[in-house]
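At position 370 of the sequence shown the residue is numbered 370 (the UniProt record's numbering), and the sequence of numbers has no breaks.
Ideal Cβ positions, reconstructed from N, Cα and C, are used throughout, including at glycine.
Report on the structure given below.
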Amino acid sequence: SLYVSEYFSQSAQKLSFYSWYGNAKLFHFHVPEDTVLLRWLLQASRGKGPECTDMEITVHFRYGAPPVINPLGTRFPANATIRPSYNISITLSSAVQNTTFVNISTPAAGDWFIAAHLPEAAGRIEVKGFSTPCPYIFQADMFVLRLTDMPVLEPGVAMPQTVVSPAKPLHVKIFVPKHAAGMRFELRSCVTTDQKACAVRVVLGSITLPQSYQKIITCMGSVNCSLALNSPPWEKWLQIMVESLGTVNASVSVEMLATFTACRPGSTISFLNFSSLNQSQTGPRPGSAGAAGNSVLSTGEASHNASNQRSFCLQNQPVIREDLDVVSVRYRLLNGPSVPVNSFSPTLLLLNLNTGMDSGGSLVVNLLLNKTSVSLANATVAACVSAASPVLSLNATRNCSTAFFQGYPLSMRTSSAEAMLIVLYPQTDVWFLSLQLICPKGQGECNAAEAKVTVFAYLTPCFNDCGPYGQCSLLRRHGYLYAGCSCKAGWSGWSCTDDTKAQSVGAQNLATLLLTLSNLMFLPAIAVAIYRYYLVEASVYTYTMFFSTFYHACDQPGVAVMCIMDYDTLQYCDFLGSVVSIWVTILCMSRVKKILKHVLFVLGTLLIAMSLQLDRRGVWNMMGPCLFALVIMIAAWVYHGVKRRHCYPSSWKRWVFYLLPGITLAFIAISVYAFMETNENYYYTHSIWHVLVACSVAFLLPPRDKHKKPWAWSQKLTCRYQICQNDREELYAVT
């Protein structure tokens, strides 16, 4: 045999702490056909700084679709299928790098996915630039060993083969045709070269994760052994591995034979169905002869199918796949939303999900039983959703499983006429929905009975659009798209349906009121600025108060939300107003000349607007203007002190009652903003930040110029003439 090794690699990704599925880093690989050995090379590394600690990385594997994971132990939505993913842990302790190998023999060909993430996120809100997070890097590489000349076992033809040694197992494959109801594999004429008892092990099927449904038989001696498979995967290659259990130097000669049991499908599809489909698009012509002839012929065909339905092993119902958007598909039945279900053979619907881009959403199947259509009160409509091949024996065993797949069972009766199934991240394959009528006393009781079931099936990126407390996000890894729910207001879970830690409506209203009304603390600062003739500064504080109020009203995660304009615009204006407020306050404290002050106001605002557009959350966008303004203020104060030959500001009351309290409030506000905010306490810590900053501004604003008097509205409104005052004399006054 000729083996060929192939190597596939993807770029490394920086891992994140887990809070929702978007934090898991996804790797997508494609395993080629005839692969007999798959080896994953997992490399994890971390930085060398003091902030890097011991860390455990969790890696999940799945065949056919991204892994369905639940690191936080939250609840899934009702009627959702939950099958735990296969995962391993990689520990980064004293070593900076860790290399791990994972071997899989006879893997299934097709898409394989790996998802890696760090432990649960701490929930602390970190200001970008204040701390340097430790980088944790993960990379996955794939090695495959592929057999180029794998023998093909033809149905009904015995094929002799030889197992050279236990170290070199024999690999063969057989193609399973469509409508194969069963397969029988037989191993016979087993002979060893050392004349000892023959001992071989036969493995049918390939390994899939998280669950693997390989069939294994052990054949001892010269007795023929066989294995029967129900509903093998249609239109796929099935791998068969035979390995010797004997001595090292002994070869084993065997003869293999495989036969299939065909299923005769009955179908309601015809040329008339497509004619009706075209008429539904263009509109039928009323009163036309063609329409009348079609209706008569359709009735005759229906009666013909009803008379021959006992000779069919299944009844096909034509289904149209309608692509709506990315990871969004609707399945429409050609003969209407209702399908007939009887007890003779299962009714089969084909749901095509094998495009390679359908596995990143949720498959939803909703069944509704028409109660008036079932004449038997105790009758049950059994349904099964399976991949690769349908279940054809619902009335016999009621077991929703095929040869290599465990399906998802559903049932309906007159007492509970509705059933729903949600398949999270369905694997890339052709899916089947089988329905059959079952009576408690046997099939004879249901001979004349027929049920009508309305079927709604669709593929959606996020089930129920993540509900009112979640946001459906479309994620991308190279060219592959998948969706995940980002929850808010304390809600959690795959579809944001877990309310274990959810905030009540009262708590949401309280959070909104705190974050919005705390901005009213800028009113004293605005009043002080107006009283002291700082009109530009008062305008900036008014702008900041307005946009901060409505930004936080729009930024709320729950139901207490009000957005007066686009969210991104509100956020940008809030950040701009906050930084510019600090800028103009410090420049106002420097007491430079008015013309220079206003030039710095405009120039600084333009530069701040540019820097916020480049990086809105960078810490230096706030610290940079603050430090530059502080340099200007200190230089101006030094200049005034040298010129007057005493400390500036000269009044000790100014220092004790205004500057020191204002500076203290500002430092406390920065400490709360940078080091104390978390996702849980954000609504009151950030409100404290609003209050402290607004109060510090009111304290730090300098007194008005001595030559300006307070606003005297009464004098200006009552007099019809203006008293002019010569301010020029004050310039020559000796002080």
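- Query: Should L612 and I663 be called a contact, given that it needs their Cβ atoms to be closer than 9 Å?
  - Reply: Contact flag unset, no.
- Message: Within a Cβ cutoff of 8 Å, which residues of the same chain sit near R264, ignoring the five residues on either side of it in sequence?
- Response: These residues qualify, in order along the chain: H179, S311, F312 and C313.
- Roughly how many whole angstroms lie between the Cα atoms of S328 and P661? A straight line joining the alpha-carbon of S328 with that of P661 spans about 59 Å.
- Check each candidate in G624, C695, F76 and D141 and name the one with the smallest Cα separation from N103. Out of G624, C695, F76 and D141, the CA that lies nearest to the CA of N103 is found in D141.
- Task: Going by DSSP, name the residue or residues bridged to L42.
- Result: T100 and A140, per the DSSP bridge assignment.
- Message: I want to know whether the stretch 399 to 418 touches the stretch 85 to 92 - three or more CB-CB distances under 8 Å.
- Response: Taking 8 Å as the limit for Cβ pairs, the verdict is that the stretch 85 to 92 does not touch the stretch 399 to 418.
- With a CB to CB cut of under 7 Å and the five nearest residues on each side skipped, what residues in its chain are close to Y534? Excluding sequence neighbours, Y534 sits near C588 and L701.
- For V339, name the three-state secondary structure that DSSP assigns. Residue state for V339 is assigned as strand, using DSSP reduced to three classes.
- Query: So L118 and S16 are in contact, right, with Cβ under 8 Å, and what is the actual spacing, rounded?
  - Reply: With a contact defined as Cβ atoms closer than 8 Å, L118 and S16 qualify at about 6 Å.
- Message: Give me the DSSP bridge partner(s) of M183.
- Response: Residue pairing from DSSP places M183 in a beta bridge opposite L229 and F260.
- Item | Segment contact, 8 Å Cβ cut-off, at least three pairs: the stretch 188 to 198 with the stretch 139 to 156 | Remark: fewer than three beta-carbon pairs, one from each stretch, lie closer than 8 Å, so the stretch 188 to 198 and the stretch 139 to 156 are not flagged as touching.
- Task: State the Cα-Cα distance for the pair S9 and T247, rounded to the nearest angstrom.
- Result: Using only the alpha carbons, I get a separation of about 39 Å.
- Task: Put H117 into one of helix, strand or coil per three-state DSSP.
- Result: In this structure, DSSP gives H117 an extended state, which the three-state scheme calls strand.
- Considering only the beta carbon of each residue, do T544 and V602 sit closer than 9 Å? No, they are not a contact pair.
- In whole angstroms, what separates the C-alpha of S362 from that of V691? Taking the straight line joining both Cα atoms gives about 46 Å.
- Excluding sequence positions up to five away, which residues of its chain have a Cβ less than 7 Å from the Cβ of K643? Nothing listed; no residue qualifies.
- Should I608 go down as buried or exposed, given a rule of 16 or more other Cβ atoms within 10 Å for buried? Looking at its Cβ environment, which holds 16 or more other Cβ atoms inside 10 Å, I608 is buried.
- Task: Measure the C-alpha to C-alpha separation of V473 and R330 and round it to an integer number of angstroms.
- Result: Here the sequence assigns Ser to residue 473, which means Val is not the residue at that position. Roughly 20 Å between the two C-alpha positions.
- Task: Report the option in N354, G360, A417 and N352 whose CA atom is closest to the CA atom of A383.
- Result: Answer by Cα proximity: A417.
- Message: If I follow the unbroken alpha helix (DSSP H) through I668, where does it start and stop?
- Response: I668 -> alpha helix (DSSP H) spans L660 to S671.
- Query: Could you check where the beta strand (DSSP E) with P160 kicks off and where it finishes?
  - Reply: Boundaries of the beta strand (DSSP E) around P160: M159 to V163.
- Item | Cβ-Cβ distance between N230 and L392 below 9 Å | Cβ atoms of N230 and L392: closer than 9 Å.
- Query: In the DSSP assignment, what are the bridge partners of G110?
  - Reply: DSSP links G110 through a beta bridge to V31.
- Query: Can you tell me whether DSSP reads H646 as helix, strand or coil?
  - Reply: H646 sits in coil when the DSSP states are folded into three classes, being neither helix nor strand.
- Message: Going by the DSSP bridge assignment, what does G604 pair with across the sheet?
- Response: Within the DSSP bridge table, the entry for G604 names no partner.
- Classify T454 as helix, strand or coil using the three-state DSSP reduction. Strand, per DSSP.
- When you compare only the Cα positions, how much space is there between P461 and H552? Each residue's alpha carbon lies about 29 Å from the other.
- From E186, S518, M623 and C573, residue whose alpha carbon lies closest to that of H686: It is S518.
- Query: Count the other CB atoms within 10 Å of the CB of V656; is the residue buried (16 or more) or exposed (fewer)?
  - Reply: The residue is exposed, with fewer than 16 neighbouring Cβ atoms inside 10 Å.
- Message: Quick check on the burial criterion: 16 or more other C-beta atoms within 10 angstroms. Buried or exposed for P50?
- Response: P50 comes out exposed.
- Query: Quick one: Cα of Q97 to Cα of Q43, how far?
  - Reply: Going by the C-alpha atoms only, they are around 7 Å apart.
- Where W689 falls: helix, strand or coil (DSSP): Helix, per DSSP.
- Task: Determine the extent of the beta strand (DSSP E) in which C384 is found, giving its start and end residues.
- Result: Annotation: the continuous beta strand (DSSP E) that includes C384 extends over T380 to A387.
- With C-beta atoms as the reference, is S495 less than 9 Å away from F76? For S495 and F76, yes; Cβs fall inside 9 Å.
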